[in-house]
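*Asks:* Structure provided below as structure tokens; questions to follow.
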């Protein structure tokens, strides 16, 4: 597998809604070329190749020298969020046609209870078909599959012109035979129709969540299949013959064939790449425990890195739907540069979650946005320069001031600057709330974590967040705006295998557990074998989801290495108690612990691109300030503050706050009382001065 | 002096996050089925006087925001740091409203002074008493509903008060679960304390103390602004429970809501007398009682979802709660099943708002579905198992602009179902069906949401199926502006077989191997004339199995042939129907046939007369007298009921003759 080679160049493309970030890195030296190209939402593949062609020309690298291509895509995410998947049907067990429609019956807590409109399911009720069959919870067959009925269902699927079909039968996690048989029959009857089977996608109990994952998968399969095929063909045409991998929600990658078969695993890959990038930067900088915040125009995503790896969860949400698949654990809030500040009828100032986004954007963009935003407040306070991208985009101070005066200062009866400070104060506190959810709420002390702030707006707010949170230091990567693309260069193949095997507390059937885990491991090895991962580069981790009897939520706990024994089971339960203690402040050692799911995580380790080192400043040299700017980095009055250019900083340079560091796509604020140092790979590390 | 608005906004977010964090701690650590399955718990932070200034919105019974802990806080003469207090007595301060709810409060000190309390409750699995789970409609005295702990310290200066704990644990049926839940509650209070300390460190104690008062004022101002949208005036609404006791008479809750310049007055005169069942609502006469506030908060929040939820909202409310009625019962009336009557109470408040703002409020949401528990034996192991298998819920009412949500919505929206796969893995049952009940949505231009239904087979003898909060077997909700009521709920044993038996509003039924249980929540009601519903929408409802072709024709005047609308036949059928129906504007409300039939006999005037006569009698006679009057009215030949109150007065006079001691009482 060329993923492990140190030869040639690694090509990473992170396709966002507006721009595609492209990096071409020399895999030996780490030296890299960066560019941005326009995404083409109407034809994502052409946007992808626009980026490929642009960077190869820019770096003057021959296609044959590209030895690995890594890709992050929001294609599946957008298709799910915008309900643009294929016309999809669902075949399910007779008597349970409405499972998808009912969901878990509850409605979002902050919704208007009486005006709530149920989000449209990927499959409408009229495209749900019932088949006679019934498997019980222990896997025994109660009603045999009525295969003859399938022909009638196939006819309806054809008549309705459906492009994809999901097959989800009750209790199929315990016995997938009916599902698999139905799939075989329907494949024969429906050539050209994509089929997804729940026992392949997610063999875990809870029928609604499993159905949802399977129908989402089915609905995106045709689109993902076409896209991946075009990418592979296009790479071939360009004579790029290297391996090609695509980012998944769990922070790893998988090959295109898998992506087209299980595109639901792409659903939350965007934020996962950012966390992966932060983990990579942190490892190189020497910080393995990070809390990261990626603040863009509309939202801020908070993630946790422990021991150099993004923390994952066994479920997340995409749009309004729960997704019970392993994902990088992200807490997202509506706080970004475009978050709108407004004063309500009772005189309260709120910031977000409504956002002006990138278009029309903040008032300062002068693109027709008239409402006051966080970026406008930062501009008024001098915390960001009067232009972006080295002058490519001018920021209009007059527009920003007018918006804040009208929307905030006047209704509150305060000065322009106080209004701007209030906006920053509120959005910072909202973000600290999110940072605490991921740390304090989980029994973790922020003092044990380095805060890593990135995204276009992260570095402006990072230093205040670090102080409010009580983190010991702040890490600002060299290129905060392209950390997702950086993450692609530092990932591994990652697969998750899981199955529900409910066992009551007290005495576990160790033989059965061992057999199930071995079966999952076999699947894992087979998968990595197909990808060409040699045995020494495989990492296989066993885990179990446990809960106290009577509890409704499980905790996933790694299982020690080696064959399952009573000792390792005891150890497992012990660690469950410990984690429960940490997460929820107590453990209940007298209550039986139930085993719910068994998991195997399989990683195929790839070589990660290192970061290039920059020149070192002579000992004691002061960094060159590029000028002064009137600014109020924190609550103080506006005064002249020294401004530095990030590109001119050398390793070992020290900046004493208050100071502002501008770079092409973002600005870092150093507060008074803080000290920023430049490390050998050009990261800024900010700490409180002692 | 108030704190500045920017600081207040930040404090508001911190306070809500603190309450959220308390709820999170509790939810993830509690054992009770009620926490896991129905999130029947609260957490919050109160001022030193007991007013709740912050509650969570993501978890728990989030609408119980009007809680005022003042009465129970004041019941403890002295607090030390590290003290934690509990009570579950519905008659000590009226904070707790039935015995399974253990309420907890912990003083939070700053430099020797109490600056806040962290508070909350969990609905515990069992508090002892006459029946498992301590709840049954058949109970008549609070003493039968389990042990009652008056306000007491469960921890003194950080040390567990073992004697209290031992007494409690000796009296409950699931002591380990209860202790586990109590620990979750204590952990939650401690989280709240930590959060308050963080807020004080951040804002300073002076700002914190003023700020939490300002938060109450903030919510109050918001609530007043919403109510000012309602024209000043009086708005009446009444609704019924099917039964006032097991196999009892219809039970009426009557509200006259008066709106005046952003303030509300709720007058419950005309509601039924105190009941000889556990359906009483223990408000203690507190005119801003939390159970009154739930419906109020629902209504206000649906009119403006930016409303910040805390007990400042309650400040706009005053009430008349006549003593000795079901809405202000006197000790020792049983109150355990007030969940059911409190739900009807919420509906009555929403109905009054609907009368006031018919263009903005929805038709009745689904109701009458139970919380289902099964107590059975695993035939393989011989082990006795108990599980909560599902809360049966239904959809939201139709609205001026659109259909109600199907299968979930409105004020049952916080209930999560239990996956069939979890039920089958945990309890030996086999489900034949779980889905939306066809034709259950009330017809309307905007259809009411469908109810859910469930059917399962039982395998062991002596299996007990509990269906708490069953109702709406007889009476339905209310359709609006030409929309009609949703279907009634249903509870059957072995439906469609020769052993079929209608269980109606039964709470608990004993079944055996081979028995099949069917249960359905009622549907929500419709809004607007069903004859004006887009025929394509009706056809879609038929295709997806939500409406039968028969009902499409009958209710909507839409003729479906081979799955498609027969336009010509539909047009002529609708024309015919329009001609049949009354001319002019339809009434605001349709109450369905059962209620119309009841009110043809029990008119407004008859009820008014009965209310007045009963109010003069001793509390413990009223329920009996009501039943005697109902029986006598029912016995009158159809033609002889005048319905102007004179029938009731005549019958009542006879009863007084029969019991001379009452005449003396009335004269006093």
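Protein chains in written order, with the working numbering: chain A, 7 to 696; chain B, 4 to 671. Glycine included, every Cβ here is placed at the ideal spot set by N, Cα and C. Model, not experiment: these values are computed from the prediction.
Is residue 514(A) close to chain B? Criterion is C-beta to C-beta, closer than 8 Å.
*Replies:* Chain B, which has no Cβ nearer than 8 Å to the Cβ of residue 514(A), makes this no.
*Asks:* Looking at residue 123(B): is its Cβ nearer than 8 Å to the Cβ of residue 175(B)?
*Replies:* For residue 123(B) and residue 175(B), no; Cβs fall outside 8 Å.
*Asks:* Against residue 410(B), what residues of chain A qualify as contacts under a CB-to-CB distance less than 9 Å, listed in chain order?
*Replies:* Within 9 Å Cβ-Cβ: 104, 107, 108, 109, 111 and 124.
*Asks:* Could you pull the start and end residues of the beta strand (DSSP E) that residue 704(B) belongs to?
*Replies:* Here chain B comprises residues numbered 4 to 671, so residue 704(B) is not present and cannot be evaluated.
*Asks:* Could you give the DSSP three-state label for residue 389(B): helix, strand or coil?
*Replies:* It is a strand residue.
*Asks:* Can you pull the chain B neighbours of residue 689(A), defined as C-beta to C-beta under 9 Å?
*Replies:* Chain B residues near residue 689(A): none, gap ~30 Å exceeds 9 Å.
*Asks:* So, at 8 Å on beta carbons, what are the nonlocal neighbours of residue 212(B) in its own chain, with the 5 sequence-adjacent residues on each side left out?
*Replies:* So the qualifying residues of the chain are 118.
*Asks:* Can you check which of these residues, 610(B), 642(B), 641(B) and 640(B), is closest to residue 655(B) by C-alpha distance?
*Replies:* Closest option to residue 655(B), Cα to Cα, is 610(B).
*Asks:* Using a Cβ-Cβ distance cut-off of 8 Å, determine whether residue 217(A) contacts chain B.
*Replies:* No, residue 217(A) does not count as interfacial toward chain B.
*Asks:* For residue 512(B), I'd like the list of residues in its chain whose CB is within less than 6 Å of its CB, leaving aside the five on either flank, ordered along the chain.
*Replies:* Hits under 6 Å: 468 and 506.
*Asks:* When the Cα atoms are used, what is the spatial distance from residue 173(A) to residue 342(A)?
*Replies:* Taking the straight line joining both Cα atoms gives about 40 Å.
*Asks:* With a 10 Å radius around its C-beta and 16 neighbouring C-beta atoms as the bar for buried, classify residue 160(B) as buried or exposed.
*Replies:* When all chains shown are included, residue 160(B) counts as exposed.
*Asks:* Against chain A, which members of the region 274–291 of chain B pass a CB distance test of less than 9 Å?
*Replies:* Listed in sequence order: no entries.
*Asks:* Would you say residue 143(A) faces chain B, with C-beta separation under 8 Å as the test?
*Replies:* Closer than 8 Å: yes.
*Asks:* Classify residue 671(B) as helix, strand or coil using the three-state DSSP reduction.
*Replies:* In this prediction, residue 671(B) has a pLDDT of 48, which is less than 50 and means its spatial position is unreliable; what the coordinates show is noted afterwards. Here residue 671(B) sits in coil by DSSP.
*Asks:* Determine whether the Cβ of residue 389(A) lies closer than 8 Å to any Cβ atom of chain B.
*Replies:* Not an interface residue.
*Asks:* Measure the Cβ-Cβ separation of residue 445(B) and residue 366(B) and say whether it is below 8 Å.
*Replies:* Closer than 8 Å, so yes.
*Asks:* Spell out the partners DSSP gives residue 744(B) in its beta bridges.
*Replies:* Look at the range of chain B in this structure, 4 to 671, and you will see that residue 744(B) is not part of it.
*Asks:* Which same chain residues end up closer than 7 Å to residue 367(A) when comparing Cβ atoms and leaving out the 5 residues on each side of it in sequence?
*Replies:* Closer than 7 Å at Cβ, skipping near neighbours: 344, 373 and 375.
*Asks:* Can you find at least 3 beta carbon pairs, one from the region 173–188 of chain A and one from the region 134–144 of chain A, that sit closer than 8 Å?
*Replies:* Taking 8 Å as the limit for Cβ pairs, the verdict is that the region 134–144 of chain A does touch the region 173–188 of chain A.
*Asks:* Give me the Cα-Cα distance between residue 17(A) and residue 311(A), rounded to the nearest whole angstrom.
*Replies:* Going by the C-alpha atoms only, they are around 25 Å apart.
*Asks:* Pairing CB atoms from the region 604–613 of chain A with CB atoms from the region 533–553 of chain A, are three or more of them under 8 Å?
*Replies:* In short, these stretches touch, since the Cβ pair count reaches three.
*Asks:* Is the region 592–607 of chain A in contact with the region 544–559 of chain A, if contact means three or more CB pairs nearer than 8 Å?
*Replies:* In short, these stretches touch, since the Cβ pair count reaches three.
*Asks:* Checking contacts by CB at 8 Å: is residue 212(A) closer than that to chain B?
*Replies:* Output row for residue 212(A): interface = yes.
*Asks:* DSSP three-state label for residue 192(B), please.
*Replies:* Three-state result, residue 192(B): helix.
*Asks:* Between residue 554(B) and chain A, is the shortest Cβ-Cβ distance under 8 Å, so that the two count as touching?
*Replies:* Chain A, which has no Cβ nearer than 8 Å to the Cβ of residue 554(B), makes this no.
*Asks:* Taking only the alpha-carbon atoms, compute the straight-line gap between residue 99(B) and residue 153(B) and give it to the nearest angstrom.
*Replies:* The alpha-carbon atoms of residue 99(B) and residue 153(B) are separated by roughly 10 Å.
*Asks:* According to DSSP, simplified to helix, strand and coil, what is residue 491(A)?
*Replies:* Here residue 491(A) sits in helix by DSSP.
*Asks:* Going straight from the alpha carbon of residue 650(A) to that of residue 667(A), what length do you get?
*Replies:* Going by the C-alpha atoms only, they are around 5 Å apart.
*Asks:* Under 7 Å Cβ to Cβ from residue 233(A), same chain only, skipping five residues before and after it: list those, please.
*Replies:* So the list reads 50, 51 and 81, once near-sequence residues are dropped.
*Asks:* Using 8 Å as the limit for Cβ to Cβ distance, is residue 670(B) near chain A?
*Replies:* At residue 670(B) the pLDDT is 49, less than 50, meaning the model places this residue with poor confidence; the figure from the coordinates comes in the next sentence. With 8 Å as the cut-off, residue 670(B) does not count as an interface residue toward chain A.
*Asks:* Would you identify the three-state DSSP class for residue 523(A), choosing helix, strand or coil?
*Replies:* In this structure, residue 523(A) counts as helix in the three-state DSSP scheme.
*Asks:* Might you give, ordered along the chain, the residues of its own chain that have their beta carbon closer than 6 Å to the beta carbon of residue 7(A), omitting 5 neighbours on each side?
*Replies:* With a pLDDT of 49 at residue 7(A), under the threshold of 50, the modelled position of this residue cannot be trusted, and the question is left open.
*Asks:* For residue 147(A), does the count of other Cβ atoms within 10 angstroms reach 16, so buried, or fall short, so exposed?
*Replies:* So residue 147(A) ends up on the exposed side.
*Asks:* Only counting runs of 4 or more residues, tell me where the alpha helix (DSSP H) segments fall wholly within the region 363–447 of chain A, in order along the chain.
*Replies:* The region 363–447 of chain A contains these whole alpha helix (DSSP H) runs: 380–386, 403–410 and 422–444.
*Asks:* What residues from the region 5–33 of chain B come within 7 Å of chain A, judged by C-beta to C-beta, listed N to C?
*Replies:* Those residues of the region 5–33 of chain B that come within reach of chain A (Cβ to Cβ, closer than 7 Å) are 8, 9, 11, 12, 13, 16, 20, 24, 27, 28, 31 and 32.
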